[in-house]
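Going by our numbering, the sequence shown opens with residue 1154, and the numbers climb by one from there.
To start, the structure itself, in structure tokens.
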Amino acid sequence: EYMWQCKECSLELASRPWEIVEQRLIIGEFKNRWPALFFESEINAEFLRITTKPLRSKFLAQLDHFSEKLIQIFNKKGGVKGQKIKAVLVIKDSCDIDIRRECILRSLVIYLNEDPDSFFKEYL
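Quick look at the structure:
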């Protein structure tokens, strides 16, 4: 049943991209119509179907590629946001690439006026 829903979701989604973009569906509507796309495995499968590239490795490669530029942007930020970002970036120089990536993503979330603790708890 789950695989059938996913295949159906993929076919329906592929045939109606204009509806998503033009009508600017809100998340609730989108989730009701294509619930399978709110599972990590289905997001990965849909991205692979559209781009023929695996999402996770593509995302991480691009994150690594743009890390230094992002850090430069973050370091220029002043005020309270800048202080929060600097506190997060203090530990970015760890030898562990996963910790470095996490610091950059947390900094990006702060830069975009979101609370990283609630953001990552809710969406990851």
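Backbone N, C-alpha and C define an ideal beta-carbon position, used for all residues, glycine too.
Unbroken alpha helix (DSSP H) run spanning residue i, endpoints
i: residue 1231; result: Counting along the chain, residue 1231 falls outside any alpha helix (DSSP H), and DSSP gives it neither H nor E.
i: residue 1255; result: 1250-1264
i: residue 1267; result: Unbroken run through residue 1267: none, as it is neither H nor E.
i: residue 1198; result: 1193-1204
Rounded straight-line distance, which links the Cα of residue j to that of residue i
i: residue 1199; j: residue 1228; result: 35 Å
i: residue 1184; j: residue 1192; result: 11 Å
i: residue 1215; j: residue 1186; result: 30 Å
i: residue 1236; j: residue 1248; result: 23 Å
i: residue 1190; j: residue 1202; result: 13 Å
Cβ-Cβ distance between residue i and residue j below 9 Å
i: residue 1252; j: residue 1234; result: no
i: residue 1188; j: residue 1197; result: no
i: residue 1220; j: residue 1179; result: no
i: residue 1238; j: residue 1260; result: yes
i: residue 1269; j: residue 1243; result: no
Beta-carbon proximity list for residue i, same chain, < 8 Å, skipping 5 on both sides
i: residue 1204; result: 1211
i: residue 1213; result: 1254
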